[in-house]
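Residue numbering for the sequence shown is -18 to -1, 1 to 569, as defined by mature numbering (1 follows the signal peptide of the UniProt record, and there is no 0).
Where a beta carbon is used, it is the ideal one built from N, C-alpha and C, also for glycine.
These notes are about the structure you will find just below.
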Amino acid sequence: LICLFVCLFVCLLVFVNLSKTMNKKSSPELSSGASKSLCARPAMQQCEICSEDYVSLKLLHCGHSYCLLCIRRWIEVAEKSDVISCPQCRQLTELCSRSVETLRTKFAGLLRCFQCFTLKDLEDMWWCHQCLNTLCSRCIIISHKDHNVNAYQEFDALHACIAWMRERCDSCEDEIVHIEQSIRFLVDQILLDVFGKARQRHQQRLSDVEQLNGLFEKFGMQNLKQEQLQRDLISPNKNVINKSRMKNIVLQLFDLSGNEWKGPSIDERDSSFASFILSEFKAAVEHFSVDQLEEAGRRLALSKSLSSGSIRMPETKDWQSRALVHQKLKRPIDLCTLPDKSVVIADGEAGLLLFDPDGQLKKCHSNVYPKTVCFSTSRQLVLAAVPEEHVLVTFSEHLNAVHQLPLPQNSGWMQMRCSQAGVAFCATYDSQNFCLSLYCLLESNIWHAFAVLSITVEQFFGFTLLPPLNDSLVSGPNLAKLLSFSDTGGLYEITVERFADTVLKYARPKQMTEFQFQNPTAVTCTNNGTMVMADGGVLYELDCDFKLLKIIGSVGIGSMITAIATSGNKLYATVCNKSCVAVFFLN
C-alpha cells in the first residue's frame, strides 16, 4: 500500500508539471491571438464608381455606397445640390443641410439593434449578457442600464479567445486521456504486486499457525478447559456483581443522597461484599424522610453526567393514543388555542385548520400556508403570518378571513405571540448576522420595532409572553414581559414598556441555577402563572423563578417538539416529522 501511494503521488507531480508546461506554451499564443482580435480593423471596401479601396463608404437611401470624393464630384455636376441621384438606379437621396457628412457611413459590417431595429455602427453597439442580444447605446441607457453589458468589439474579441481556448481544450483532452490511461496501467501493475505480496504473507501466517498447533499437541496444552478459565477470570457465583462496578454504583448513590461513605474501604471487603453493601445502603435510606427521598429522586432525574450523557425521561407510553390525529394533518408546525378551547393549527402542507375541543375538524383553509399563528384577545382575531407572501392574514374565531396586513420583515424564521392585553409581538431571526428583531403591533395596525438582540448562536428557536406585570391594560405603563431562548439554552428576559406610541425595552440574560436545558425548542405560559418548556422531546413545568415543578411527559428522547400551547388543563404540542399533535394534561 505504501508503494501504491508513492507511485500515485509521483504520477500526480508529473501531471501537474506537464499542465504547467502546457500553460506556459499557450500563454503567448493566447495573448497574441487576443491582441490581434482587439486590434482588428474593418475589412476594406471598394467604391462602385472609382473602384478604389476604402475603410468606410457613404450609404445612399437606395442601399448603394460610394466614396466621399466621388459623391462630392457627382453633386458638383448635378443640377440640385440638396438632392443626389444614384448613378446606378437613379433613386433620389435628399441631403440634410446640404451636407454630404449627414449620409450614413457603411463599414464592413453594420449591426441592427434588437430593441429599436435601427442599423448602428460597431462603435455604438453593445452586447447584453442577460438578454443575449445586440443593443445600441440609447437602448442600453433606457432599459438595460442594470444589466451586465460589454462593448460589442470587446465581446467579439472575447468570442475569438473562446474559440481559440476550445481548440486548445480539445487537444488537452486528448493528452489528459493518454495520461489517465498511463496512470491506470501503472496502478494496475502496483495492485497486482501488492496483492501478490499479501497472498505470500497470508500463506506465511497459515504456516505459523500450524506450527503453534503442533506445539500445543506436543506439550498437552489442548486439555485446558473452559471451566478453568471461568474459575480464574469470572466469579463462579452469578449473583455477585463485579466488584468494581458495584463500588461505583454505591459511591454514586451515597453522593446522590448527600451522605459520605463512612464505612471501611470498599476494596478491603471479602466475598460477602454484595450483602454488606446492600445492608449499609438500606440503613442509610431508612434515615431519610419522604421529602428527602423525593428530593433525591428529583436530583437523579436532573443530574448530568459528562461520560454517560443526561438522564432523560423515557417516552410516555400512551401519548400517541391521546394525540390529535386527522387525515388532513400532514406536517403541523405551530398552533394556538381559542377562548372556546378550540385549537388552530398551522400545517406546512394542509394549510390552516380549526379543531373543536373534542378533536373534530371544523374548518380548513388549504390556500393559506402560515408559518406561525396566535390569537389576539383584544381583537378577537386569529393572526396567521405567511412569510413567503409577506402578508399577515387575520381570521375570525370561526376561521373566516377578515383582512390582510403587511409583515414587519421578510424572514425565513418568524414567530408571533399575543399578550393577555391583546398586543401582537413578532420575532424574526437573521441567520446571517445572528440577530433577533422584535416588533409589536399596536392599535394603528403598524409594526413598531423595539429590540434587536445580537445572539452569538446558530439558531433562535422561540419566545413567549410571561405572566402580566400588573393588572393594567394596554394604556398602562407596562406593556408585556417576554422570554426568548436560543438553541444553546440561553434565556433572555425582555421587559417592554409603552409610553403613548413609543415602545421601550430592557433585555437581560436569565441564568438557570438548578439545571441547564440541552436543546430547548418551545416555551409557553399556563393559566396558573407557570411556564412549560420543551427540551427536545421532554416537557417541563417551571415556576416564575425557573425552578422545576414537575416533568409533564415526553414524546421520545430523539424527537423534537416545535410548538406548544395550553387550553385550561390541556397541553398541545406539535412534534417534528409527526402528522399528529400530542396532548398532555397539566395535572
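- When the Cα atoms are used, Cys121 and Gln97 turn out to be separated by approximately 7 Å.
- Contact annotation, Leu389 with Val373: C-beta distance approximately 6 Å; criterion of less than 8 Å satisfied.
- Counted as a single uninterrupted DSSP element, the alpha helix (DSSP H) harbouring Arg304 occupies residues Trp301 to Arg304.
- In the three-state scheme derived from DSSP, where H, G and I count as helix and E and B as strand, Met542 is classed as coil.
- In this structure, DSSP gives Gln97 a state outside helix and strand, which the three-state scheme calls coil.
- Taken through DSSP and simplified to helix, strand or coil, Cys52 comes out as helix.
- If you compare the alpha carbons of His43, Val405 and Cys118 with that of Arg72, the shortest gap goes to His43.
- The region 344 to 356 makes no contact with the region 427 to 437, as fewer than three CB pairs between them are under 8 Å.
- According to the DSSP assignment, Ile534 belongs to the beta strand (DSSP E) that extends over Leu530 to Ser536.
- Distance from the CA of Lys344 to the CA of His380, rounded to the nearest whole angstrom, comes to 8 Å.
- Taking all protein chains shown into account, Ala409 has 16 or more neighbouring C-beta atoms within 10 Å of its C-beta and is therefore buried.
- In the DSSP annotation of this structure, the continuous segment of the alpha helix (DSSP H) that includes Cys121 starts and ends at Ser119 to Ser125.
- Here the region 114 to 134 makes no contact with the region 144 to 163; the two share fewer than three CB pairs at distances below 8 Å.
- Counting along the chain, the unbroken beta strand (DSSP E) around Arg399 starts and ends at Trp395 to Cys400.
- Restricting attention to Tyr134, Asn509, Pro502 and Met398, the CA atom closest to the CA of Phe357 is found in Met398.
- In this model, Ser324 and Phe337 are separated by some 6 Å (Cα to Cα).
- For Leu168, the three-state secondary structure derived from DSSP is helix.
- Taking the CA atoms as reference points, Cys154 sits about 48 Å from Ser393.
- Only buried fits Ile66, as 16 or more other CB atoms lie within 10 angstroms of its CB.
- In the three-state reduction of the DSSP assignment, Val384 falls in the strand class.
- Buried is the label assigned to Cys318, since at least 16 other Cβ atoms lie within 10 Å of its Cβ.
- With a threshold of 16 other beta carbon atoms within 10 Å, Leu51 falls short and is exposed.
- Contact between Gly519 and Ile534 fails: their C-beta atoms lie close to 12 Å from each other, not under 8 Å.
- For Tyr522, the enclosing beta strand (DSSP E) covers residues Val520 to Leu524.
- Sorting Phe407, Gly550, Tyr411 and His46 by C-alpha distance to the C-alpha of Ile428 places Phe407 at the top.
- CA-CA distance, Arg54 to Gln70, rounds to 16 Å.
- Around the Cβ of Asp329, a 10 Å sphere holds 16 or more other Cβ atoms; the residue is buried.
- Inside the region 328 to 376, DSSP marks whole beta strand (DSSP E) runs of 3 or more residues at positions 333 to 337, 343 to 347, 354 to 358 and 363 to 368, from first to last along the chain.
- Check the Cα spacing between His129 and each of Trp108, Glu149, Gln135 and Glu136: the tightest is with Trp108.
- Measuring C-alpha to C-alpha distances from Asp300 to each of Ser33, Cys29, Tyr522 and Phe566 identifies Phe566 as the nearest.
- Assigned with DSSP and collapsed to three states, Cys154 falls in helix.
- The Cβ neighbour count for Lys40, taken over all protein chains shown within 10 Å, is at least 16; the residue is labelled buried.
- For Tyr134, DSSP assigns no beta-bridge partner whatsoever.
- Judged by DSSP secondary structure, Ser67 falls within the beta strand (DSSP E) whose first and last residues are Val65 to Ser67.
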